[in-house]
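Written below as structure tokens is the structure these notes are about.
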DNA sequence: CATTACGTTTACGTTAACGTAAAGTTCAGC
DNA sequence: GCTGAACTTTACGTTAACGTAAACGTAATG
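Chains as they are written, first to last, in the working numbering: chain P, 1 to 126; chain F, 127 to 252.
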């Protein structure tokens, strides 16, 4: 038997509300099976959720992240489709790499300010 | 004389609308001087704008980014204030470093999928 | 001196991503 | 068989970050 989760298992694990999880389902980003009326989540659902939240933290919209998740599960398709697919992926990748550069710049700025403040503080201690 | 900019200079440069720039001013994140009723932006205003937009691309709220920008201009203050300041900065830095790790994971995933697709495509070409 | 381009303020509208409240169901434990 | 905890659906509310429209001023240009 595969391990399963209730809605509040996941809500607790990821520190979000059950409302949020139901909202994602309402939008079609997660599709748990049911036991009667209750939702049952499996490892794949949990992974989807984890990826969605990761995307959110990076400022992606739910739709953008969902797009990427769908890419992960995409089948081969014929040659033309594959080429288009690779194109889409590398565009996404380029976008994320821009983000990464932005982030590094911002971190540099912060480190500079922090260093400066530490230096000033060191003078106080003498 | 320092170089200055009109509102549409900046709107064009950063590919945003003038409405957006006025909105940032309304919220207090930019404070251009005036010539009569017209806004005149200097290099510092332009830098603020650039930082705000960079923050946005990383999924920070305007208020979060504005907070960081204010940090850059913070004076020394006494010892206690400096210590608090350093604490705040390094918290921000830790948060951004988490983001960076998230980003790298996401990029890894994308690269994996892209490689796999390229391999499949290579088979087609033989 | 009328047109065109650019600027201004004021104010209501929109969208994403949930929060919150109401009202009801299910099930384990006493 | 009742209570309480956890689940459910439905639906209206909220906030951030602008969009959009109206109604107007100003300045260069043909």
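Built from N, CA and C at the ideal position, the CB exists for glycine as well.
Keep in mind that this is a model prediction, so the values were computed, not measured.
Practice task
Report the residues of the stretch 145-176 of chain F with a CB closer than 7 angstroms to any CB of chain P, ordered along the chain.
Solution key: none
Problem - Cα-Cα separation, residue 218 of chain F to residue 109 of chain P - result: 11 angstroms
Handout entry: Three-state class that DSSP yields for residue 204 of chain F in the structure shown
Key = coil
Exercise for the section: List the residues that DSSP assigns as beta-bridge partners of residue 34 of chain P. Expected result: P:39
Exercise for the section: Say whether chain F places a C-beta atom closer than 9 angstroms to the C-beta of residue 62 of chain P. Expected result: no
Problem - 9 angstroms Cβ cutoff met for residue 56 of chain P and residue 184 of chain F - result: no
Exercise for the section: Give me the Cα-Cα distance between residue 223 of chain F and residue 160 of chain F, rounded to the nearest whole angstrom. Expected result: 39 angstroms
Practice task
From the DSSP output, in three-state form, read off residue 131 of chain F for me.
Solution key: strand
Exercise for the section: With hydrogens ignored, establish whether the beta-carbon of residue 166 of chain F is closer than 8 angstroms to any heavy atom of the ligand FAD. Expected result: You won't find the ligand FAD in this model; it holds no ligand whatsoever.
Practice task
Go through its chain and collect everything with a Cβ distance to residue 153 of chain F's Cβ below 7 angstroms, but skip five positions before and after it.
Solution key: 188, listed in sequence order.
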